[in-house]
Amino acid sequence: AAMYAAASPSPPRRDFISVTLSPEGTVGAVGYNNSKAWRRRSCWRKWKQLSRLQRSIILFLFAFLTVCGVISYTSVGEPWKGWTSKSLDEHRTVSDTRGLKLANPAVLPAPQKADANIGEYPELSPQKKPKLPHVRRNPSNLQIKPPWRDARLQTQLDVSKIAEEPVQADKEEKTEKSVISWRGAVIEPDQSTEPPSIKVKESEKTSSVDRESQKEPVPINERQVAVIEAFRHAWKGYKDFAWGHDELKPLSKSYSEWFGLGLTLIDALDTMWILGLKEEFEEARKWVANNLVFDKNVDVNLFESTIRILGGLLSTYHLSGDSLFLEKAKDIGSRLMPAFKTPSKIPYSDVNIGRGTAHPPRWTSDSTVAEVTSIQLEFRELSRLTGDEKYQKAVDEVMKHVHTLPGKNDGLVPMFINTNSGQFTHLGVYTLGARADSYYEYLLKQWIQGGKTENELLEDYMRAIEGVKKHLLQRSQPKKLTFVGELAHGHFSAKMDHLVCFLPGTLALGAHNGLSADHMKLAEALIETCYQMYAQVETGLSPEIVHFNLHAQKGHKDVEIKPADRHNLLRPETVESLFYMYRFTGDKKYQDWGWEILQNFNKYTRVPTGGYTSINNVQNPSNPEPRDKMESFFLGETLKYMFLLFSDDIDLINLDKYVFNTEAHPLPIW
């Protein structure tokens, strides 16, 4: 090797790196590892080699870019969301035109299912709601805009064919009417379930109405035109002889005052809106804006002023979206609050809205059960709109108290309650007529209003209906009409007030909302009875009170009328129930029955110079003995329910969106 090295020239020098490969293929000389773990360790070492300032700057930039990304996504996402919502609405519209029935969306987000203990009431299992076979359901809106459209013009121009007096063609607009009812009802919030929140967003306080998405109105028919003509005739008398006063006296062409607050006008506001009477509505609105003042030294009845004035203003606000009516509602609502300043929290019956004082009637310290438990719908809604809990808290305390009281009979309540002790008085007398009626009505309606979450209200309602079946139901002779009597100290009386005819409609409303199908069967039987209270009378108009024959007697009808009970006050209860029955069943006979009643009102109670009058004798067609008084609820309730009864538009005050107070003023379901 040495010789060879010496003889040979030296080879050129070359640089090289020695590399040793391991069996696994790793680079041994360098120690390089391309695994994920190695890369993580390498990145971490590099991160640690950075200064603290460098790392802080990098983290800040990363956070800044993240925030910018979120903001950009929000701004870009809103137009996309609007575009997709519009596309979905268009798709629904196309589907609807192909005959598909759409479910009615809730006014507010759908409430959770009530977790009531339904084991005690097996009949409360969910049931399919009855549907109108002849009516197409469309998505309804909370706000009802009056369809002042040309489509209605020609129909109204034909009014002379069915009405006594012609109606001017320039007044064919449609507006909503407020309804008055003697039946006020209260719903108590469930103690085991959180009551519906009264905290609302600012957007909910203005008006929960979408003015841009109104469906095309269904053209009105001849019977509805006849109702409009009747309203205009009644309104003419009020405007000419009683403008701004409480009630019209049509025969003497004068007026009577009760509270001095324009009761008839306020009661009729939402009626005019529903009927589309734009000109009349605007004229009445001006009076409310300029002349309705509550700062006056006058005593008002808490119940009547709540259901007529507060209820009417709240309803008109929701239907029109006009904040004037909400401001007036806040004013009267706050002025009624002194009534609740009692030892028992059971409110006094009378309030001086100017002085801020309250007191019971002069002759007693009792309040009627119906009155103190039939103001809840209105005060609860006032709290929801204003965000002020005091209104709902006051009426909820009343319901909680009544819920726990002894003295009930299978859910039936006495008629009176003492404002000092808070206990029922005059025990042992049970009726669904005057002084107790709307308690039962408001149990159901508050449960509906609150999204069906207040289970105590539902339980009290179900117990009460079972109590009615057990103690108050009987059949008459000879036609075997089912009627609701009264119970006094264990003795049954076959006496039934016309006021009780609210019950068929309430039962039907409960069945529509998933309660027992037996309730609808009972409703069908009772509405037949209420109709017979008209049909079996000489004028075709019902008296205030009837007595039923329990035993067949030759030459006697089912209905007997005593001389002191044969007056008619233009009451709405039967027409109200006819409206519910037709809306839920689609049976045309209910419209026909209502048409008969309207014709008889026109025949025996219409005053030629304007207005309608109560009458003293429904048994004397030749001389019904007019009383010279038109109750405000004739415009607020009776004619409103007539108009709705004759309509085939299920979205004209959709009963899955609204609940009527006992004065027929619709309030939104939460």
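Number 356 in the UniProt record's numbering belongs to position 356 of the sequence shown; there are no gaps in the numbering.
Glycine included, every Cβ here is placed at the ideal spot set by N, Cα and C.
N-terminal and C-terminal residue of the alpha helix (DSSP H) that residue i is part of
i: VAL607; result: That residue, VAL607, is in no alpha helix (DSSP H); it is neither H nor E in DSSP.
i: residue 694; result: Missing from the structure shown is residue 694; the chain here goes from 1 to 670 and no further.
i: GLN449; result: 437 to 449
i: GLU631; result: Here GLU631 belongs to no alpha helix (DSSP H), and DSSP marks it neither H nor E.
i: SER493; result: Run containing SER493: none in the alpha helix (DSSP H); it sits in the beta strand (DSSP E), 491 to 493.
i: SER323; result: 323 to 336
i: ASN290; result: 278 to 291
i: ALA564; result: Per DSSP, ALA564 belongs to no alpha helix (DSSP H) and is neither H nor E.
i: THR506; result: 503 to 512
i: SER647; result: First-last for SER647: undefined, no H or E at that position.
Local conformation of residue i per DSSP, three classes
i: MET272; result: helix
i: HIS665; result: coil
i: residue 736; result: The chain is shown only over 1 to 670; residue 736 falls outside these bounds and no answer can be derived.
i: SER72; result: helix
i: THR539; result: coil
i: GLU165; result: A caution first: GLU165 carries a pLDDT of 42, below 50, which makes its placement in the model unreliable, though a value can still be read off. If DSSP states are grouped into helix, strand and coil, GLU165 belongs with coil.
i: PHE483; result: strand
i: GLU544; result: coil
i: ALA106; result: At ALA106, the pLDDT of 33 sits below 50, so the modelled position is not reliable; the number obtained from the coordinates is stated separately. Coil, per DSSP.
i: VAL398; result: helix
i: TYR582; result: helix
i: ASN141; result: Caution applies to ASN141, whose pLDDT of 38 falls short of 50 and renders its modelled position unreliable; the value that the coordinates give is listed next. Here ASN141 sits in coil by DSSP.
i: MET415; result: coil
i: ASP350; result: strand
i: ASP240; result: helix
i: PHE294; result: coil
i: VAL618; result: coil
i: THR66; result: helix
i: ASP497; result: strand
C-alpha distance - residue i paired with residue j, whole-angstrom precision
i: residue 672; j: GLY237; result: Nothing in the structure corresponds to residue 672, since the chain is present only between 1 and 670.
i: residue 680; j: VAL607; result: No statement about residue 680 is possible, as the shown extent of the chain runs from 1 to 670 and does not include it.
i: LEU319; j: HIS471; result: 41 angstroms
i: LEU481; j: LEU473; result: 10 angstroms
i: LEU541; j: LYS249; result: 20 angstroms
i: PHE646; j: ILE597; result: 12 angstroms
i: SER614; j: TRP258; result: 17 angstroms
i: TRP148; j: TYR440; result: Residue confidence is low: TRP148 scores 47 on pLDDT, short of 50, so the model does not pin down where it sits. Its coordinate-derived value is still stated next. Approximately 37 angstroms between the Cα atoms of the pair.
i: LEU458; j: GLU381; result: 19 angstroms
i: LEU261; j: PRO361; result: 20 angstroms
i: LEU443; j: PHE579; result: 20 angstroms
i: HIS665; j: ALA517; result: 27 angstroms
i: PRO343; j: SER421; result: 7 angstroms
i: GLY428; j: MET272; result: 43 angstroms
i: ASP240; j: SER632; result: 16 angstroms
i: LYS408; j: THR425; result: 11 angstroms
i: ASN221; j: ASN654; result: 19 angstroms
i: ALA242; j: ASP558; result: 40 angstroms
i: ASN301; j: VAL351; result: 6 angstroms
i: LEU59; j: VAL395; result: 57 angstroms
Expected contact under 8 angstroms - CB spacing of residue i and residue j to nearest Å
i: TYR658; j: LEU667; result: 7 angstroms
i: LEU265; j: ALA289; result: No, LEU265 and ALA289 are not in contact; Cβ-Cβ is about 12 angstroms, not under 8 angstroms.
i: GLY467; j: LEU377; result: Wrong, their Cβ atoms sit about 23 angstroms apart, outside the cutoff.
i: PHE660; j: LEU570; result: Actually they are not in contact, since the Cβ atoms of PHE660 and LEU570 sit about 18 angstroms apart, beyond 8 angstroms.
i: SER494; j: HIS547; result: In the sequence as presented, Ser is not what sits at residue 494; that position holds Ala. With a Cβ gap of about 5 angstroms, ALA494 and HIS547 count as contacting.
i: VAL218; j: ASP648; result: 6 angstroms
i: LEU499; j: GLU573; result: 6 angstroms
i: ASN297; j: ARG355; result: 6 angstroms
i: PHE294; j: VAL369; result: Not a contact, Cβ separation roughly 27 angstroms.
i: ASN549; j: GLU560; result: 6 angstroms
Minimum Cβ-Cβ distance from residue i to chain B less than 8 angstroms
i: LEU53; result: Of the chains in the structure shown, none is chain B; there is only one protein chain.
Beta strand (DSSP E) segment containing residue i, residue limits
i: THR342; result: It is not in any beta strand (DSSP E) - THR342 carries neither H nor E in the DSSP assignment.
i: THR638; result: Note, THR638: premise wrong, no beta strand (DSSP E); not H, not E.
i: GLU389; result: Looking at the DSSP string, GLU389 is not in any beta strand (DSSP E), and its letter there is neither H nor E.
i: LYS249; result: 247 to 249
i: GLN474; result: 473 to 475
i: ALA358; result: 357 to 359
i: SER254; result: 254 to 256
i: SER367; result: 366 to 368
i: ASN301; result: 299 to 301
Note to self: Closer than 8 angstroms is the cut-off here; do at least three beta carbon pairs connect the stretch 300 to 310 with the stretch 323 to 338?
What the structure shows: yes
Next item on the list: For the stretch 400 to 418 and the stretch 379 to 391, state whether three or more C-beta atom pairs, one from each stretch, are separated by less than 8 angstroms.
Entry: no
Notebook entry, point to check: Are there three or more Cβ pairs, one per stretch, closer than 8 angstroms when the stretch 516 to 525 is compared with the stretch 486 to 494?
Noted result: no
Notebook entry, point to check: Are the stretch 529 to 546 and the stretch 614 to 623 in contact at 8 angstroms, needing three or more beta carbon pairs?
Noted result: yes
Checklist line | the stretch 569 to 583 in contact with the stretch 502 to 519 per 3-pair CB rule at 8 angstroms | finding: yes
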